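I have placed the structure first, in the form of structure tokens, so that the comments after it can refer back to it.
Numbering (our numbering), first residue to last: 675 to 811.
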């Protein structure tokens, strides 16, 4: 399983939020790929692109969420919102939690669209790797 993480961010409020996400993304993406790249969670998915949308509420009309599963290519592209104000003021740990929740919410939704994808196993592995509980994210 391979993860690709990027973002759609409103950087007009300064570089802090962009830099915070860059640091968080690098840590989460590297940790996921290091630990899960050889894991097998079924034949339906080989790569998941997680591209959170981190923009103020008034920009949500311009930036819509997207949940895309390309069955033939075995890839998923998820663009779900992360609360802009929460992320903007988040500590390093809180920013990681917000991104992890976005990843896990994407996986939970993807489970509904696939037949051969062990979403429970990957969720449990992610929570174990980061030593988290979903309800605390």
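Just so you know, even glycine gets a beta-carbon here, dropped at the ideal spot from N, CA and C. The model shown is predicted, which means the values in this text are computed figures rather than measured ones.
DSSP-derived helix/strand/coil call for residue i
i           : result
residue 804 : helix
residue 761 : helix
residue 782 : helix
Test item: CB-CB of residue i and residue j under 8 Å
i           : j           : result
residue 695 : residue 713 : no
residue 728 : residue 684 : yes
residue 762 : residue 686 : no
residue 718 : residue 748 : yes
residue 679 : residue 703 : yes
residue 770 : residue 700 : no
residue 746 : residue 676 : no
N-terminal and C-terminal residue of the beta strand (DSSP E) that residue i is part of
i           : result
residue 681 : It is not in any beta strand (DSSP E) - residue 681 carries neither H nor E in the DSSP assignment.
residue 740 : 740-744
Counterpart residues of residue i in DSSP-defined beta bridges
i           : result
residue 630 : A query on residue 630 cannot be resolved here, the shown segment of the chain reaching from 675 to 811 and no further.
Supposed close pair residue i, residue j - CB separation, criterion 8 Å
i           : j           : result
residue 752 : residue 796 : The pair is not a contact, with the Cβ atoms about 14 Å apart (cut-off 8 Å).
residue 754 : residue 730 : Actually they do not touch by this definition, with Cβ atoms about 16 Å apart.
residue 800 : residue 706 : 7 Å
residue 764 : residue 772 : 6 Å
Terminal residues of the alpha helix (DSSP H) in which residue i lies
i           : result
residue 696 : 689-710
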